[in-house]
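Novice: Take the numbering used here: the final residue in the sequence shown is number 669, and no numbers are missing along the way.
Using N, Cα and C, we set each Cβ at its ideal position, and we do this for glycine too.
Pasting a structure here, questions to come.
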Amino acid sequence: METLKKYALFVLAWVFVSTLAMTTNVRAEQASQMPPPPLKEYRIVRSISEEAQGCIACHAEQNRGIVADWASSRHAHANISCLDCHIAGPADPDISKEHLQYDKTPISVIVSPKDCSRCHPSEAAQYAKSKHANTLELIWKIDPWLNHGMNSDIERQTGCNHCHGSIVKVENGKFDSSTWPNVGVGRINPDGSKGSCSSCHTRHKFSLSEARKPEACGQCHLGPDHPQVEIFDESKHGAIYHAEGDNWNWNAAPGTWTPGVDYRTPTCSVCHMSAVNDVAATHDVTERLAWETQAPLTVRPSEFKPWPAQTDWRKERQKMEKVCLACHSQKWTKGHFTRFDAVVVNYNDNYFKPMKKLVDELYEKKLLDNSKNLDEKLEIDMYELWHHEGRRARFGAAMMAPDYAWWHGFYELKKKCMEIQEEVEKLIRAGKPATVFKVNGSGGDTTKPDFGK
Ligand code: HEC
Ligand code: HEC
Ligand code: HEC
Ligand code: HEC
Ligand code: HEC
Ligand code: HEC
Ligand code: HEC
Ligand code: HEC
Numbered sequence: 217m218e219t220l221k222k223y224a225l226f227v228l229a230w231v232f233v234s235t236l237a238m239t240t241n242v243r244a245e246q247a248s249q250m251p252p253p254p255l256k257e258y259r260i261v262r263s264i265s266e267e268a269q270g271c272i273a274c275h276a277e278q279n280r281g282i283v284a285d286w287a288s289s290r291h292a293h294a295n296i297s298c299l300d301c302h303i304a305g306p307a308d309p310d311i312s313k314e315h316l317q318y319d320k321t322p323i324s325v326i327v328s329p330k331d332c333s334r335c336h337p338s339e340a341a342q343y344a345k346s347k348h349a350n351t352l353e354l355i356w357k358i359d360p361w362l363n364h365g366m367n368s369d370i371e372r373q374t375g376c377n378h379c380h381g382s383i384v385k386v387e388n389g390k391f392d393s394s395t396w397p398n399v400g401v402g403r404i405n406p407d408g409s410k411g412s413c414s415s416c417h418t419r420h421k422f423s424l425s426e427a428r429k430p431e432a433c434g435q436c437h438l439g440p441d442h443p444q445v446e447i448f449d450e451s452k453h454g455a456i457y458h459a460e461g462d463n464w465n466w467n468a469a470p471g472t473w474t475p476g477v478d479y480r481t482p483t484c485s486v487c488h489m490s491a492v493n494d495v496a497a498t499h500d501v502t503e504r505l506a507w508e509t510q511a512p513l514t515v516r517p518s519e520f521k522p523w524p525a526q527t528d529w530r531k532e533r534q535k536m537e538k539v540c541l542a543c544h545s546q547k548w549t550k551g552h553f554t555r556f557d558a559v560v561v562n563y564n565d566n567y568f569k570p571m572k573k574l575v576d577e578l579y580e581k582k583l584l585d586n587s588k589n590l591d592e593k594l595e596i597d598m599y600e601l602w603h604h605e606g607r608r609a610r611f612g613a614a615m616m617a618p619d620y621a622w623w624h625g626f627y628e629l630k631k632k633c634m635e636i637q638e639e640v641e642k643l644i645r646a647g648k649p650a651t652v653f654k655v656n657g658s659g660g661d662t663t664k665p666d667f668g669k
């Protein structure tokens with residue numbers, strides 16, 4: 217009986233919008249330019265306030281894609297409406313003044329992690345301390361493109377900031393288009409909170425299943441310098457995901473998503489974030505890591521000086537191993553990590569350290585100029601050695617992709633070492649400093665932004 221009642225309510229659920237939409241005073245001129253496809257009826261009589269029904273009604277006309285996404289989300293099913301997320305307080309700097317002409321309820325377009333934290337406090341707290349949320353401050357500590365102005369502002373806005381995030385600037389409800397729109401992982405919001413939850417859960421579905429799939433991470437984790445998604449694709453895990461993933465259960469409630477039952481091989485989320493065995497789910501992706509394999513010289517996360525992690529690598533390694541043990545034996549798992557750790561040592565000792573020593577000697581001899589980085593050929597070579605080839609070798613070995621470990625990794629490292637050695641010898645023989653190039657498209661702002669607390 218109770219279920220029947222709920223079902224009836226549910227069916228009733230999407231009633232009124234089309235009627236409401238007709239009666240609301242919509243700005244119909246815009247909508248009438250294209251022949252509108254027929255509207256689905258959304259029935260929204262449940263406990264949604266009249267104000268909130270107004271948003272849905274009008275926006276079903278204005279941006280039906282948004283309303284359709286929302287309607288199919290868990291939020292809509294739980295009566296979480298547009299207003300619950302977009303509501304703005306009187307002190308919010310990003311209140312949309314323009315929008316007051318459509319509706320008297322003040323709203324803002326940004327829905328920051330702080331806004332989500334009202335209902336999802338633990339995800340927001342874990343996320344806030346992650347490297348994802350804090351990446352802007354971190355990269356400004358170490359990055360030569362930014363600190364030496366080696367690229368331009370527009371190159372940063374359309375490149376770096378899309379993945380890392382922008383510092384959103386808004387004045388009188390008007391957004392600075394160089395900083396907005398943006399959904400990078402470390403976006404700094406006008407309310408001071410850091411990050412953007414829709415980096416992985418895109419609006420307005422905010423779906424769990426989307427974030428559990430590798431494509432969600434692969435938007436940023438790809439390319440010559442961090443090809444994690446390509447690495448995943450070529451691993452056995454990825455091959456099996458592509459062959460049969462369509463039939464796996466992506467919507468299991470958090471904490472109940474079970475290896476062997478809901479899925480047969482792990483995705484990024486399984487190894488790095490989801491709850492598996494007695495390893496708790498986390499929104500802090502630094503957990504479960506035993507190395508900083510993106511760094512020039514691989515170190516433990518707690519020893520990474522620009523952003524020392526508050527973790528003990530032994531415990532984090534154990535967590536990662538427990539994930540594997542859901543599907544593999546102890547020996548299989550230990551064997552994998554023994555080889556991966558050996559790859560880290562091989563990279564550090566046989567490639568990075570000796571090449572860094574050679575290049576450092578040139579700086580001492582003033583044959584290379586260290587006032588700026590990335591404006592001499594050898595500096596670019598040295599950068600690619602660790603940032604491209606060196607990362608690929610380490611990531612390939614960490615995540616079971618032999619083509620990346622060898623052909624895109626160690627093979628390329630060998631070649632790069634020869635090129636560096638040849639260049640070094642030439643400079644020493646000539647006894648003249650290397651050519652310093654005027655880098656095209658440089659001159660980006662080098663003032664360190666204020667990152668708040
Ligand atoms: C009478 C129609 C109407 C109502 C009611 C209405 N809106 Fe809007 N809303 C609009 C229009 C028109 C725009 C501008 C669309 C555009 O720029 O293409 C807009 C824009 C927005 C934006 C984007 C603002 C930006 O700066 O990009 C958000 C978010 C939004 N509305 C949320 C809401 C919420 C929440 C409610 C309910 C409190 C609501 N709207 C009620 C018509 C309406
Ligand atoms: C769970 C929270 C949530 C709910 C519910 C929600 N929104 Fe949003 N909305 C967001 C987020 C997040 C963004 C992206 C802005 C950002 O990155 O901060 C957004 C962006 C928007 C935008 C501007 C983006 C664009 O593509 O133009 C509009 C318009 C909008 N929402 C309208 C609505 C309407 C209408 C509803 C109800 C049908 C709604 N929202 C419900 C969180 C929400
Ligand atoms: C007013 C409360 C509220 C706000 C604000 C809110 N949520 Fe939710 N959210 C919920 C509730 C309740 C559920 C659970 C719905 C259910 O289980 O049926 C949920 C579920 C989710 C889920 C799981 C969806 C799924 O497919 O199972 C995600 C992801 C999520 N929210 C993300 C967000 C993000 C990101 C924001 C901010 C942009 C946000 N939420 C803002 C209440 C809220
Ligand atoms: C396609 C998305 C994307 C773009 C574009 C991008 N990055 Fe990144 N960046 C990443 C990812 C993902 C990582 C993490 C690498 C890892 O840990 O494997 C990263 C790592 C870094 C790091 C290393 C951080 C650390 O913890 O050591 C720096 C510095 C950095 N990026 C700066 C930049 C700058 C500056 C730009 C633009 C000139 C840029 N990135 C462009 C996605 C991107
Ligand atoms: C780096 C990608 C990423 C970002 C950014 C992200 N999430 Fe998630 N989120 C995930 C993944 C993956 C899962 C699924 C974890 C699992 O399988 O248990 C998830 C699960 C969730 C769930 C369901 C968990 C539950 O116990 O109900 C909620 C709610 C949620 N996220 C909210 C948020 C909020 C709020 C933010 C911003 C503060 C956020 N997420 C940012 C990837 C992300
Ligand atoms: C919008 C872009 C974006 C998305 C989407 C994204 N990441 Fe990241 N990720 C980054 C950037 C940027 C960094 C580098 C942060 C830094 O070191 O400054 C990073 C770093 C990481 C790290 C390294 C953390 C550390 O401590 O070294 C892991 C692991 C990671 N991401 C996993 C994931 C997973 C898993 C997903 C999907 C569920 C995901 N990311 C989705 C941009 C993204
Ligand atoms: C089978 C489990 C597994 C899968 C699947 C997986 N990873 Fe990993 N990942 C690892 C392991 C193990 C490491 C190395 C951990 C360590 O530091 O000891 C790693 C390292 C990383 C790093 C480097 C972190 C750093 O800065 O040193 C990033 C970033 C990352 N993974 C992202 C991803 C993304 C994105 C995906 C999906 C496209 C993915 N991973 C899929 C297990 C996995
Ligand atoms: C959800 C189950 C599951 C989890 C979790 C899992 N794997 Fe696997 N893994 C598989 C399956 C299935 C295969 C394919 C076995 C085969 O080749 O017949 C596989 C294959 C492998 C292979 C063989 C790759 C090759 O090309 O020969 C390695 C190595 C591996 N996994 C390591 C790991 C490690 C390390 C972890 C944890 C970080 C892990 N796996 C987590 C299911 C899993």
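1) In the DSSP output, which residue or residues are listed as bridge partners for GLU267?
2) Can you give me the start and stop residues for the alpha helix (DSSP H) that GLU508 sits inside?
3) Going by the CB atoms, is the gap between HIS488 and GLU339 shorter than 7 Å?
4) For a test of the three-state rule: what should DSSP assign to LYS357, helix, strand or coil?
5) Do SER189 and ligand 3 come close, with the Cβ less than 6 Å from some heavy atom?
6) Does the segment 594-614 come within contact of the segment 492-510, defined as at least 3 CB pairs closer than 8 Å?
7) If we ignore side chains and look at the alpha-carbon of each, how far apart do LEU583 and PHE653 end up?
8) Can you tell me the Cα-Cα spacing of VAL655 and ASN586, whole angstroms?
9) Could you name each continuous alpha helix (DSSP H) segment of 4 residues or more that falls completely within the segment 422-503, going from the start of the chain to the end?
10) From TRP548 to TRP361, what distance separates their C-alpha atoms?
11) Should TRP286 go down as buried or exposed, given a rule of 16 or more other Cβ atoms within 10 Å for buried?
12) Measure how close the beta-carbons of TYR579 and LEU629 come, nearest whole angstrom, since I'm counting them as under 8 Å.
13) Taking 8 Å as the limit between beta carbons, can you name the residues of its chain near HIS275, skipping five residues before and five after?
14) Which class does LYS699 belong to by DSSP, given the choice of helix, strand or coil?
15) Should ASP310 be labelled buried (16 or more other beta-carbon atoms within 10 Å of its own) or exposed?
16) Using C-beta distances below 8 Å, list every residue in its chain close to GLU638, excluding the 5 sequence neighbours before and after it, in chain order.
17) Rounded to whole angstroms, how far is the Cβ of SER382 from the Cβ of GLY400, which I believe are closer than 8 Å?
18) Grouping DSSP H, G and I as helix and E and B as strand, with all else coil, what is GLU387?
19) Roughly how many whole angstroms lie between the Cα atoms of ASN463 and SER412?
20) Do LEU574 and VAL640 have their C-beta atoms within less than 7 Å of each other?
21) Looking only at its chain, what residues have a beta carbon closer than 7 Å to the beta carbon of ALA614, apart from the 5 residues adjacent to it on each side?
22) Distance, Cα to Cα, GLU266 vs SER288?
23) Looking at the unbroken alpha helix (DSSP H) that takes in TRP162, where does it start and where does it end?
24) Quick one: what does DSSP say SER203 is sitting in, helix, strand or coil?
25) Looking at the unbroken alpha helix (DSSP H) that takes in LEU574, where does it start and where does it end?
26) Counting along the chain, where does the alpha helix (DSSP H) carrying TYR599 start and finish?
27) Using DSSP's beta-bridge definition, name the partner residues of ILE303.
28) Of the residues PHE391, THR481 and SER263, which one's Cα is nearest the Cα of LYS452?
29) Using CA coordinates, which residue listed in ASN363, VAL492 and THR502 is at the minimum distance from THR663?
30) Leaving out five residues on either side along the sequence, give the residues of the same chain with a beta carbon under 6 Å from the beta carbon of CYS484.
31) Taking only three categories from DSSP, how would you classify VAL652?
32) Compare the beta carbon distance of SER415 and LYS330 with 7 Å and say whether it is the shorter of the two.
33) Pull the bridge partners of VAL515 from the DSSP assignment, please.
34) Flag GLY281 as yes when its Cβ comes closer than 6 Å to any non-hydrogen atom of ligand 1, and as no otherwise.
35) So, does the segment 289-296 touch the segment 370-379, judging by three or more C-beta pairs under 8 Å?
Specialist: Walking through what the data contain:
1) Paired residue(s): none; GLU267 is not in a bridge.
2) No alpha helix (DSSP H) contains GLU508, which DSSP labels as neither H nor E.
3) Remark: C-beta atoms of GLU339 and HIS488 do not approach each other more closely than 7 Å.
4) Here LYS357 sits in helix by DSSP.
5) Residue 189 falls outside the range modelled here, since the chain spans only 217 to 669, and no answer is possible.
6) With the rule of 3 Cβ pairs closer than 8 Å, the segment 594-614 counts as touching the segment 492-510.
7) Approximately 14 Å between the Cα atoms of the pair.
8) Each residue's CA atom was taken as its position, placing VAL655 and ASN586 some 15 Å apart.
9) Within the segment 422-503, the complete alpha helix (DSSP H) runs of at least 4 residues are 424-428, 430-434, 444-450, 452-460 and 484-488.
10) For TRP548 and TRP361, the distance between alpha carbons rounds to 41 Å.
11) Within 10 angstroms of the beta-carbon of TRP286 lie 16 or more other beta-carbons, which makes it buried.
12) About 22 Å separates the two Cβ atoms, so there is no contact after all.
13) Correct list, in chain order: ILE282, VAL283 and CYS298.
14) Only positions 217 to 669 of the chain appear in this structure, which leaves residue 699 out of reach.
15) Buried, because 16 or more other Cβ atoms sit within 10 Å of the Cβ of ASP310.
16) Same-chain partners within the cutoff: there are none.
17) Contact holds; Cβ gap of about 6 Å.
18) When DSSP states are grouped into helix, strand and coil, GLU387 belongs to the strand group.
19) Spanning the two alpha carbons is a distance of roughly 30 Å.
20) Closer than 7 Å, so yes.
21) Excluding residues within five positions, the ones whose Cβ falls inside 7 Å are THR509 and PHE556.
22) Near 21 Å, if we compare the C-alpha coordinates of SER288 and GLU266.
23) Coverage of the chain is limited to positions 217 through 669, which leaves residue 162 absent and any answer about it impossible.
24) Here the chain covers residues 217 to 669 and nothing more, so residue 203 does not appear.
25) Here the alpha helix (DSSP H) through LEU574 covers 569-580.
26) From DSSP, the alpha helix (DSSP H) with TYR599 extends over 593-600.
27) Answer is ILE323, bridged to ILE303.
28) If we check each option's Cα against that of LYS452, THR481 comes out closest.
29) For the residues ASN363, VAL492 and THR502, the minimum Cα distance to THR663 belongs to ASN363.
30) Excluding sequence positions up to five before and after CYS484, its CB lies within less than 6 Å of the CB of PRO430 and CYS433, all in the same chain and listed in chain order.
31) In the structure shown, the three-state DSSP call for VAL652 is coil.
32) No, Cβ-Cβ distance for SER415 and LYS330 is not below 7 Å.
33) According to DSSP, which records beta bridges pairwise, VAL515 is partnered with GLU508.
34) With a cutoff of 6 Å, GLY281 does not count as near ligand 1, since its C-beta is closer than that to no heavy atom of the ligand.
35) The segment 289-296 is not in contact with the segment 370-379.
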